[in-house]
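Report on one structure; see the data block that follows.
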Amino acid sequence: MNPDFINATIGGVMIAFSVIIMMSLLGKVTGISGIIWQSIKFDSAEPGRLWRPAFIVGLIIGPLLVHFLLGWEFPAPQSDNVWLIIVSGLLVGAGTQLGSGCTSGHGICGIGRFSSRSIVATVTFMAAGILTVAIVNAL
Amino acid sequence: MSIFIALIAGIIFGAGLLVSGMMDPEKVIGFLDLFGEWDPSLMFVMGSALIVTVPAFRLIMRRQKPIFNERFSLPLKTYLDKPLIVGAAIFGVGWGLYGYCPGPGISSLASLNVASFLFVPSMLAGMWLANKVANK
Chain A
1 MNPDFINATI
11 GGVMIAFSVI
21 IMMSLLGKVT
31 GISGIIWQSI
41 KFDSAEPGRL
51 WRPAFIVGLI
61 IGPLLVHFLL
71 GWEFPAPQSD
81 NVWLIIVSGL
91 LVGAGTQLGS
101 GCTSGHGICG
111 IGRFSSRSIV
121 ATVTFMAAGI
131 LTVAIVNAL
Chain B
1 MSIFIALIAG
11 IIFGAGLLVS
21 GMMDPEKVIG
31 FLDLFGEWDP
41 SLMFVMGSAL
51 IVTVPAFRLI
61 MRRQKPIFNE
71 RFSLPLKTYL
81 DKPLIVGAAI
91 FGVGWGLYGY
101 CPGPGISSLA
111 SLNVASFLFV
121 PSMLAGMWLA
131 NKVANK
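So the protein sequences, as listed, match chains A and B.
Counting in UniProt numbering, the first sequence runs from 1 upward without gaps.
Counting in UniProt numbering, the second sequence runs from 1 upward without gaps.
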């Protein structure tokens with residue numbers, strides 16, 4: 001079988017494992033966009049809120065371990081067009097806040113609970129992504 | 001304790017992002033290029049994640065509360081509204097433009113490439129702007 005398919009499957013199971021740890025032990029939905037925003041907001045009085053920045057630190061340590069211990073290369077950037085990257089970042093940030101989630105929160109945790117909001121959001125961002133790539137390629 | 005658990009979960013998630021190919025913007029674009037040279041491999045990330053998550057969530061939710069916390073924190077909204085759809089569409093356009101969603105954007109800081117150091121601050125600015133506009 002295509003090694004990309006195998007890696008994708010192994011990576012997907014690892015992501016599921018992480019999501020299951022968060023839900024079973026802490027009762028938290030692993031929505032990365034929400035975790036990112038809530039960790040820089042820092043104005044809530046929620047006890048134990050430091051779990052969010054800890055998760056973010058882990059997100060950076062994880063690939064470092066795979067790189068240094070297993071010798072995996074980091075992927076090359078897709079484009080060095082500064083404006084493209086900035087506009088993409090702005091849209092991803094604004095869109096995930098407005099739409100209450102991203103690929104992890106809606107696509108995995110939400111669909112995993114059969115939430116209709118998450119199913120609709122996932123279909124919508126997939127369709128918008130597919131359309132965007134088609135338009136960019138046609139230009 | 002919750003900090004330690006979240007750190008470990010974050011490490012597994014971040015490692016999974018690199019292993020799966022989700023951190024490779026070119027692969028993501030290839031996956032979204034349905035009408036071109038479509039690369040279906042990333043379908044297996046969500047596919048395998050859901051195959052494991054769906055039955056696991058069913059088992060977990062049978063419990064009264066999570067093991068190290070007082071209660072489950074689940075999203076309260078259950079209805080479809082305009083911000084959900086408009087936001088998801090805006091996110092999809094941004095995702096299709098460069099190929100990073102929030103997790104891989106953050107994780108790719110590990111590679112020290114310039115793109116992620118441009119992407120992450122822009123994403124935070126976008127989050128701030130959206131909250132400002134939505135007056136949350």
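Every residue, glycine too, gets a C-beta built ideally from N, C-alpha and C.
{"query": "C-alpha distance - G89 (chain A) paired with L25 (chain A), whole-angstrom precision", "result": "32 Å"}
{"query": "Partners in chain B for G71 (chain A), counting only beta-carbon separations shorter than 7 Å", "result": "Those do not exist, as G71 (chain A) stays about 12 Å from chain B at its closest Cβ, beyond 7 Å."}
{"query": "Environment of Y100 (chain B) [buried if 16+ CB atoms lie within 10 Å]", "result": "buried"}
{"query": "C-beta neighbour in chain B for I119 (chain A), strict 7 Å", "result": "no"}
{"query": "Inter-residue CB distance, F57 (chain B) and M23 (chain A) (contact presumed, cutoff 8 Å)", "result": "7 Å"}
{"query": "Closer than 7 Å to chain B by CB, R49 (chain A)", "result": "no"}
{"query": "Short Cβ contact (7 Å threshold) for S2 (chain B) with W51 (chain A)", "result": "yes"}
{"query": "Bridge partners - S2 (chain B), DSSP secondary structure assignment", "result": "None, per the DSSP bridge assignment."}
{"query": "Rounded C-alpha distance that separates I106 (chain B) from V120 (chain B)", "result": "7 Å"}
{"query": "Sufficient close CB pairs (3 or more, under 8 Å) joining the region 26–36 of chain A to the region 98–107 of chain A", "result": "yes"}
{"query": "Below-7 Å beta-carbon distance, F119 (chain B) vs any chain A residue", "result": "yes"}
{"query": "Exposed unless 16 or more other CB atoms sit within 10 angstroms - verdict on G48 (chain A)", "result": "exposed"}
{"query": "Integer Cβ distance of I119 (chain A) from M46 (chain B), believed to fall under 8 Å", "result": "No, I119 (chain A) and M46 (chain B) are not in contact; Cβ-Cβ is about 12 Å, not under 8 Å."}
{"query": "Where K65 (chain B) falls: helix, strand or coil (DSSP)", "result": "coil"}
{"query": "Residues from the region 92–105 of chain A in contact with chain B, defined by Cβ distance under 7 Å", "result": "V92, G93, A94, G95, T96, Q97, L98, G99, S100, C102, T103 and S104"}
{"query": "DSSP-derived helix/strand/coil call for S20 (chain B)", "result": "helix"}
{"query": "Limits of the alpha helix (DSSP H) - the one that N81 (chain A) falls within", "result": "Unbroken run through N81 (chain A): none, as it is neither H nor E."}
{"query": "Chain A residues whose Cβ lies nearer than 7 Å to that of R71 (chain B)", "result": "G27"}
{"query": "Interfacial residues, the region 58–84 of chain A to chain B, with Cβ spacing under 8 Å", "result": "G58, L59, I60, I61, G62, P63, L64, L65, V66, H67, W72, F74, P75, A76, P77, Q78, S79, D80, V82 and L84"}
{"query": "Cβ-based burial, F114 (chain A) [other Cβ within 10 Å; buried from 16]", "result": "exposed"}
{"query": "Cross-strand partners of S73 (chain B) (DSSP beta bridge)", "result": "A:K28"}
{"query": "Cβ of A54 (chain A) within 7 Å of any chain B Cβ", "result": "yes"}
{"query": "Assigned secondary structure, G103 (chain B) (DSSP; H/G/I helix, E/B strand, else coil)", "result": "helix"}
{"query": "Proximity winner among A:T132, A:V57 and A:I10, relative to S108 (chain B) (alpha-carbon distances)", "result": "A:V57"}
{"query": "Neighbour flag for L76 (chain B) against chain A, beta carbons, 7 Å", "result": "no"}
{"query": "Own chain partners of S41 (chain B) with C-beta closer than 8 Å, once the 5 adjacent residues on each side are dropped", "result": "G21, K27 and F31"}
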